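Before any comments, here is the structure.
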Amino acid sequence: MNDAPVLNLKGVVKRYGAVTALDGVDLEIGPGQFVGLLGPNGAGKSTLFQVIAGLFAPDAGDVQLFGTTHRANGPAIRRRLGVVFQERSVDLDMSIRANLRFHGRLFGIGGAALDARIDALAVQFGAASLLARPVRNLSGGQQRKVEIARALINEPDLLIMDEPSAGLDTPSRRALVADMRALSQSQGRAILWATHLVDEVDEADAVVMLRQGQVVAAGTPAELIRQAGAEDLTDAYSRLTGSADQ
């Protein structure tokens, strides 16, 4: 079994003029790990995702995915990477099926194989009866599920998800966390799940706490609770980040 990291960041810095959004971030994820990136709004989570996805180059530090870099081997990385951003990335006027077909074809998937993946994802996200419906006519929560299905269409080895539960009610949010955790365990997909909601990552394999662009703590939930002398991960998050944003 290959235990080499699927994601390895060392000393990553990203600045916007005088503002330092990421300040020496180290982060490592192994195959099949479900890792929570936990931090208050404005901590730098979205910037970090843009750097990992190759949309922004870091100003300093090293970003490696699957043992290589975007500069050296960007197309190969993108074939193995799935991304869910906070911003919408599907066409509202196209149907769910048309959106998923379009994105599947971008990865060179077609024919019966693509249709089978679309049907399986539709069942997974409870949208089998909605595939012909334009995305615009879906609820906010349903639209979010289409975003996640789009990110899974290429069966990525690493899935990065920025506030993926946005727009979902509490039961749907918990179901999505459980589904993604099961996906990580059953299919060996590594997942980086960014959120400011502590309960979404309290059963993660590891949690990285980010504050003002810096990693202030990292470890298993149990390790972080012990480190903070806390009763639970919510308490540990508040103590280690100085944040009450939950």
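Taking full-length UniProt numbering, the leading residue of the sequence shown gets 1, the next gets one more, and so forth. Ideal Cβ positions, reconstructed from N, Cα and C, are used throughout, including at glycine. A quick note: this is a predicted structure, and the numbers were derived from the prediction, not measured.
Whether residue i touches residue j by CB criterion (9 angstroms)
i              : j              : result
asparagine 99  : valine 135     : yes
aspartate 162  : alanine 194    : yes
aspartate 26   : lysine 45      : no
serine 184     : glycine 32     : yes
isoleucine 160 : isoleucine 191 : yes
threonine 47   : glycine 213    : yes
glycine 54     : isoleucine 77  : yes
glycine 167    : arginine 144   : yes
Rounded straight-line distance, which links the Cα of residue j to that of residue i
i             : j             : result
residue 264   : leucine 65    : The requested residue 264 is not part of the displayed model; the chain covers only 1 to 246.
serine 172    : alanine 18    : 40 angstroms
leucine 7     : histidine 196 : 21 angstroms
aspartate 118 : aspartate 3   : Reading off the sequence shown, one finds isoleucine at residue 118, where the question assumed aspartate. Going from the Cα of isoleucine 118 to the Cα of aspartate 3 covers about 30 angstroms.
glycine 229   : glycine 30    : 27 angstroms
aspartate 199 : valine 12     : 27 angstroms
aspartate 245 : glycine 141   : Residue placement at aspartate 245 is flagged as unreliable, the pLDDT there being 48, under the threshold of 50; the coordinate-derived value follows with that caveat. Between aspartate 245 and glycine 141, the C-alpha separation is close to 22 angstroms.
serine 139    : proline 156   : 26 angstroms
glutamate 147 : alanine 182   : 19 angstroms
Contact set for residue i: own chain, Cβ-Cβ below 8 angstroms, skip 5 residues either direction
i              : result
methionine 209 : Leu38, Gly39, Val215, Val216, Ala217, Ala218, Leu224, Tyr237, Leu240, Thr241
serine 95      : Leu131, Ala132, Arg133, Pro134, Val135
Sequence-distant residues of its chain with Cβ nearer than 7 angstroms to residue i (five each side left out)
i              : result
alanine 149    : Leu100, Leu121, Phe125
lysine 14      : Ala21, Leu22, Thr47, Val51, Phe56, Pro58, Asp59
valine 201     : Gly36, Leu38, Trp193, Thr195, Val207
alanine 151    : Gly82, Val83, Val84, Leu159
asparagine 137 : none
Where residue i falls, given that 16 or more other Cβ within 10 Å makes a residue buried
i            : result
residue 312  : Residue 312 lies beyond the residue range present for the chain, which begins at 1 and ends at 246; the question has no answer from this structure.
serine 165   : buried
residue 257  : This structure cannot settle anything about residue 257, because the visible part of the chain is limited to 1 through 246.
arginine 211 : buried
aspartate 93 : exposed
residue 247  : Residue 247 lies beyond the residue range present for the chain, which begins at 1 and ends at 246; the question has no answer from this structure.
glycine 104  : buried
proline 5    : buried
Nonlocal neighbours in the same chain, by C-beta distance under 6 angstroms from residue i, ignoring five residues either side
i             : result
glutamate 231 : none
Problem - Any 3 or more C-beta pairs closer than 8 angstroms across the region 112-121 and the region 175-189 - result: no
Problem - Contact between the region 48-62 and the region 88-99 (3+ Cβ pairs under 8 angstroms) - result: Fewer than three Cβ pairs drawn from the region 48-62 and the region 88-99 lie within less than 8 angstroms of each other, which leaves the two stretches out of contact.
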